[in-house]
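*Asks:*
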Amino acid sequence: MIGFIGFGEAAYEMAKGLTQEGVTGIIAYDPLLIEQDMSHIIKEKMTAVGVVPCADAKEVAIKRELLIVAVPAQFALAACEAVEEDLTASHLYVDVSASSPTVKKNIAAKIAKSNGKSVDAAMLGPLTVNQHKVPMFISGDGAHEFKKRMDPYGMNITVVSEQAGDASSIKLMRSIYMKGTAALLMELLEASRELKVEDQVLASIKETMEAVPFEQVVNQLVTGTSIHSERRGIELEGSLELLEQLSINSVMTQASKTKLDYVSQLGLRQSFKGNRPSTWQDVIDEMKVKHQASKAGEYHASK
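For what it's worth, my numbering labels the leading residue of the sequence shown as 6, then goes sequentially.
(1) Quick one: grab the DSSP three-state call for E150.
(2) By Cβ distance below 8 Å, which residues in the same chain neighbour N120 in space, the five residues on each side in sequence not counted?
(3) Measure how close the beta-carbons of G11 and V76 come, nearest whole angstrom, since I'm counting them as under 8 Å.
(4) If you draw a straight line from the C-alpha of D322 to the C-alpha of E150, how long is it?
(5) CB-CB under 7 Å to M214, same chain, minus the five flanking residues each way: which ones, in chain order?
(6) Establish whether the CB of S174 and some CB of chain D are separated by less than 8 Å.
(7) Roughly how many angstroms lie between the CA atoms of A301 and E235, to the nearest whole one?
(8) Straight-line CA distance for T133 to N161?
(9) Which residues does DSSP list as the beta-bridge partners of T163?
(10) Only counting the same chain, and skipping five residues up and downstream in sequence, which positions put a Cβ closer than 7 Å to that of V227?
(11) Could you check whether K122 and L97 sit closer than 8 Å to each other, using their CB atoms as the reference points?
(12) Report the start-end ranges of each alpha helix (DSSP H) in the segment 154-233 that is 4 residues or longer and not cut off at the edges.
(13) My understanding is that D91 touches I67, with C-beta atoms under 8 Å, so please give their C-beta distance in whole angstroms.
(14) Going by Cα to Cα distance, which pick from L273, T52 and I181 is closest to I31?
(15) Between K201 and L207, what straight-line distance do the alpha-carbon atoms span, to the nearest angstrom?
(16) Quick check on the DSSP output: what are the complete alpha helix (DSSP H) runs of length 4 or more inside the segment 221-299, in order along the chain?
(17) Looking only at DSSP bridge pairs, what is K21 linked to?
(18) Pull up the CB-CB distance for S166 and S144, whole angstroms please, since I reckon it's below 8 Å.
(19) Here's a check: name, in chain order, each residue in its chain whose Cβ is nearer than 6 Å to the Cβ of S102, leaving out the five neighbours to either side.
(20) For the structure I just gave you, are there three or more beta carbon pairs, one from the segment 190-198 and one from the segment 252-272, closer than 8 Å?
(21) Within this structure, are the beta carbons of A83 and D125 separated by less than 8 Å?
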């Protein structure tokens, strides 16, 4: 039924979960199968979850029409090119790599030449916890077909659109927050622990963040910053000074101040006449207008 190209953690966890759901006949290929030091490890992992190893990616493509490609992002396009000539109109090519939207679109174009269908899949949670049930956003011309095939096995799939690249765009935008928040927390906690105030700091943040639903937190932070960005940027100067005294890397705090200074320079406070706008969308739309006006001014000034 299913063929995996690439058998790292993602493929292993998905195969493990699907096997427990009763899926049989899974085959897979991983380049490490031909590495003397790693071959036995990969084969043992495959055997443990009922997966049959293949000699190469082409064998997987020839024997299975549902392909799940789980390779590192930098190898996603090459993986597609390796099986491109073996694809037919019956193939459903599902790329779960963390590749860019551009790469996903290029892959979709290659699959289209064979009249097959492709899926841009973005996994949005820990596979070791959720296995095949990891939340997954998908897009592409094969998205609805993939969901229809996999729903019976309990997969948590949300179809975003039929446009390759859309699912990956969501994941990359989400990563700005998830990875940015992690980096910011590390900077905050490093300093707070040095000052022995981490418990109080975390309790204060928790109280603020949990007082209202997340959507309201987003609205409050963004709309408030549109009016008070200058003051908040100045306040961060004190935070930066303290981090310097503690000899703690302040790259995240500095980046926050840089962004606040940029927002202040756009003149949003003047645009909204000092009144907090109703929604975060109002702020972002006005930022776009201001940014475009600024770029147009730079263009005319250069003439």
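Built from N, CA and C at the ideal position, the CB exists for glycine as well.
*Replies:* Reading from the atomic positions:
(1) helix
(2) T93 and A94
(3) 4 Å
(4) No information on residue 322 is available, as it lies outside the stretch 6 to 308 that the chain covers here.
(5) V222
(6) Considering every chain present, this structure includes no chain D. It has just one protein chain.
(7) 24 Å
(8) 15 Å
(9) F142
(10) W285 and V288
(11) yes
(12) 171-199 and 203-214
(13) 5 Å
(14) T52
(15) 12 Å
(16) 256-271 and 273-276
(17) K21 pairs with nothing; no bridge assigned.
(18) 5 Å
(19) V76, A78 and A81
(20) yes
(21) no
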